[in-house]
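Line by line, the protein sequences are chains D and G. Note that the first sequence ends on residue 925 in this note's numbering; no numbers are left out. Note that the second sequence ends on residue 87 in this note's numbering; no numbers are left out.
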Amino acid sequence: MVEELFSILIFNSLTVTLLIIALIANGKKLNYITILITAILWGLMPWPFFHLTADINSLFTIAFLRFFIATIGGFLFIFISLICHRYFRRKSKWNWFQYSFQDFKTQITNYLPISPPKTGMSKRQVKVPYLVYYLLLGLFYFITILFYFYSYQNLGVIFTAIINMVATTIFIAGWNVLRKQESIDSIKFTYLLILLVAGILTIESLVITEFTELIVFGIISLIITILTWVIFIILSGADDYTQAEKDRVLSFTDRANNFQMSRSMVKLTLFFLFSTLTLLLFAVILKAFPVAGSIMSDQINLFFIELQNLLTLLSNPWVWFLGIELTVFPYFLYFLSQNNWSSRSLKWNQWVVILGAFEPLTSIFVGIFVGQEAHKYNLLLLLLATIILASTMLLRYYHEKNCLKSIILLRVKQGRMKNLLTRLKYNPNIVEIKTITGQYDVVLRTLFQSNHLLKTFIEKLKGLDSTLEVTNLIEFDEKK
Amino acid sequence: MALIKALMVVNINPNEMKNVIKQLQSIKEIKQISTVAGIYDLIIEIIVEQMEDLNDLIVEKIDLIEAIKSTDTFIVLKDYK
Chain D
446 MVEELFSILI
456 FNSLTVTLLI
466 IALIANGKKL
476 NYITILITAI
486 LWGLMPWPFF
496 HLTADINSLF
506 TIAFLRFFIA
516 TIGGFLFIFI
526 SLICHRYFRR
536 KSKWNWFQYS
546 FQDFKTQITN
556 YLPISPPKTG
566 MSKRQVKVPY
576 LVYYLLLGLF
586 YFITILFYFY
596 SYQNLGVIFT
606 AIINMVATTI
616 FIAGWNVLRK
626 QESIDSIKFT
636 YLLILLVAGI
646 LTIESLVITE
656 FTELIVFGII
666 SLIITILTWV
676 IFIILSGADD
686 YTQAEKDRVL
696 SFTDRANNFQ
706 MSRSMVKLTL
716 FFLFSTLTLL
726 LFAVILKAFP
736 VAGSIMSDQI
746 NLFFIELQNL
756 LTLLSNPWVW
766 FLGIELTVFP
776 YFLYFLSQNN
786 WSSRSLKWNQ
796 WVVILGAFEP
806 LTSIFVGIFV
816 GQEAHKYNLL
826 LLLLATIILA
836 STMLLRYYHE
846 KNCLKSIILL
856 RVKQGRMKNL
866 LTRLKYNPNI
876 VEIKTITGQY
886 DVVLRTLFQS
896 NHLLKTFIEK
906 LKGLDSTLEV
916 TNLIEFDEKK
Chain G
7 MALIKALMVV
17 NINPNEMKNV
27 IKQLQSIKEI
37 KQISTVAGIY
47 DLIIEIIVEQ
57 MEDLNDLIVE
67 KIDLIEAIKS
77 TDTFIVLKDY
87 K
């Protein structure tokens, strides 16, 4: 009991301190620290997992509780934001962490998959594409998390965290190359190769005496996790602003960041809700059509038994830590850092990739010190894999830092400025847009991974209806 | 009062780049200097409190740097990103 209280105290002190540092860093425009802390918070997920598996038998129950509480936390967050918007309207921006409460109301109306009645008499209508989108995201996310937990349980936290990170990075890089969104140069190839070596060393370091049914199930779970996670990332990346939204954002450009923030939080909460619903649906189907003797069927039976004591389960503090502190908090920080991004040297997604290695690195520490998993590994090989994994961050930083910077001056056709700015604003390679007086109308600062990508972008700009003249200047150095 | 932001593109005489950058770095209103390849040599970002300060800066400081061949100044209307 004393040990449990001590663990709760340490855990909360750590997460709350990290949250405060992240918010302060964000307010001071040091958003890469916010990204770093987000990765650490995600990496801490095994900590409550170890405590919860001591009390809860079905991993379906743990996954369900995580989504359920994250949904409650998300809606609570939106509700508080709406209240604050209503009562602190005059002081719309909290400068200490650069966040506004405006626009939540609009976002809820926009993104709920049920539209309000068009007239007083007509019924509400279901927005089918939105519903399908959320159902798909919910399905992939719950499968990812559920099987991630199975992999944790059967193969260990350290192994799961490292292999998942290595495999998803390699798969997504491959997918981006296929879609011609990323080019593989020699440094990036070396980076991926080093990640692969870290993965192989991790596999080698795991000491397995015999391949039991559970180990095989763990391996299958990890493969399912990796595949569904990759699909989830691709699906969620496909969600872009609609034209109406782009126009709306442009009409209040100084508030565009807050618009994006409220949009992200509303959509996130809805997708937690749909993860909860799809998990329940999946469990009901498996319960109705059980596969005799399978691990899943036993887990489903346990899930429905445990669900009868929902209130007792909700009284476990670790459930709330998992759902709020390690799910809602990091996602909130993730969006906050993205929406207030100001660094010119590297883009937000470049820092996310560089600092992403902190997530498995944190899980390694949690696995060793909280889960006491050290005995499962050949420690020397694991240490080597950890060092290699950590070193990939330096290599990736070097690679991203050396990408091609350019300044592009544009002359724009009469009456096309608004349309052009809308098009440019959401291009991830454009880090700065300014409208100016004089010989040119717009200045862009861009970051590209290669000469080829920059050339393609300039050709696209030249081909636009809105542009009269495109002048490109390659930036070598920034001083002051 | 809202600050005035301006961008200035600069062309420099050959072999004078280091010297010009050094002199520009000593001007406090210049917030950033970028060396570029293309039709210009430098792009500098200036922030001043009022138009008169921008005029003073150009006439009394930048224009006096002999190695600068030509400049063009653009006032920033709005930062969109």
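Yeah, the Cβ is synthetic: ideal placement off N, Cα and C, and Gly gets one too.
With contacts defined as CB atoms closer than 8 angstroms, I799(D) and R841(D) qualify as a contacting pair. Those residues of the segment 606-628 of chain D placed with their C-beta closer than 9 angstroms to a C-beta in chain G do not exist. Put simply, of N872(D), I617(D) and L839(D) the residue whose alpha carbon is nearest the alpha carbon of V675(D) is I617(D). DSSP places E55(G) in the coil class of the three-state scheme, outside both helix and strand. Taking 8 angstroms as the CB threshold, E877(D) lines the interface with chain G. The C-beta distance from E923(D) to S40(G) rounds to 5 angstroms, short enough to fall under 8 angstroms.
Counting along the chain, T880(D) sits inside the beta strand (DSSP E) bounded by residues I875 to I881. For the set I10(G), A12(G), Q29(G) and K11(G), the Cα lying nearest the Cα of A73(G) is the one of Q29(G).
Taking 8 angstroms as the CB threshold, Q884(D) lines the interface with chain G.
For V888(D), the chain G residues whose C-beta falls within less than 7 angstroms of its own C-beta are L13, listed in chain order. For K37(G), the uninterrupted beta strand (DSSP E) run begins and ends at I36 to A43, by DSSP.
For the pair I81(G) and I36(G), the CB atoms are not nearer than the 8 angstroms cut-off. Nearest Cα to V857(D) within the set L659(D), L913(D) and T673(D): L913(D). Where K850(D) is concerned, the enclosing beta strand (DSSP E) starts and stops at L849 to V857. The residue among F456(D), I608(D), E448(D) and S503(D) with its C-alpha nearest the C-alpha of L834(D) is I608(D). Residue environment for H496(D): buried (at least 16 other C-beta atoms within 10 angstroms of its C-beta).
Here Q753(D) is exposed: its Cβ has fewer than 16 other Cβ atoms, across all protein chains shown, within 10 Å.
Here H820(D) is exposed: its Cβ has fewer than 16 other Cβ atoms, across all protein chains shown, within 10 Å. Below the 9 angstroms Cβ cutoff, chain D contributes no neighbours of D69(G), its closest Cβ being approximately 17 angstroms away. The DSSP-derived three-state label of N457(D) is helix.
If you look at E845(D), you'll find it in the alpha helix (DSSP H) that goes L824 to K846.
Counting along the chain, D78(G) sits inside the beta strand (DSSP E) bounded by residues I74 to D85.
Approximately 26 angstroms separates the beta-carbon atoms of E877(D) and K75(G); this is outside 8 angstroms, ruling out the contact.
Considering only beta carbons, the part of the segment 900-919 of chain D lying closer than 8 angstroms to chain G consists of T916, N917, L918 and I919, in chain order. Rounded to the nearest whole angstrom, the CA to CA distance from Y636(D) to T807(D) is 20 angstroms. In summary, the residues of the segment 34-49 of chain G whose CB is separated from some CB of chain D by less than 7 angstroms are I36, K37, Q38, I39, S40, T41, V42, A43, G44, I45, Y46 and I49, in the order they occur in the chain. CA-to-CA, the gap between M862(D) and I64(G) works out to about 29 angstroms. Assignment of F748(D) by DSSP, reduced to helix, strand and coil, places it in the helix class. T483(D) is positioned such that its CB atom lies no closer than 8 angstroms to that of P805(D).
Rounded to the nearest whole angstrom, the C-alpha separation of T613(D) and E22(G) is 50 angstroms. For the segment 73-86 of chain G, the residues whose beta carbon sits under 8 angstroms from a beta carbon of chain D are, in order, D78, T79, F80, I81, V82, L83, K84, D85 and Y86. Looking at the backbone, the Cα of L849(D) and that of L468(D) are separated by about 31 angstroms. A distance below 7 angstroms between beta-carbons, with the five flanking residues on each side excluded, links V797(D) to the following residues of its chain, in chain order: I480. Annotation: the continuous beta strand (DSSP E) that includes F893(D) extends over V887 to F893. The beta-carbon separation of L600(D) and I664(D), rounded to 7 angstroms, stays under the 8 angstroms limit for a contact.
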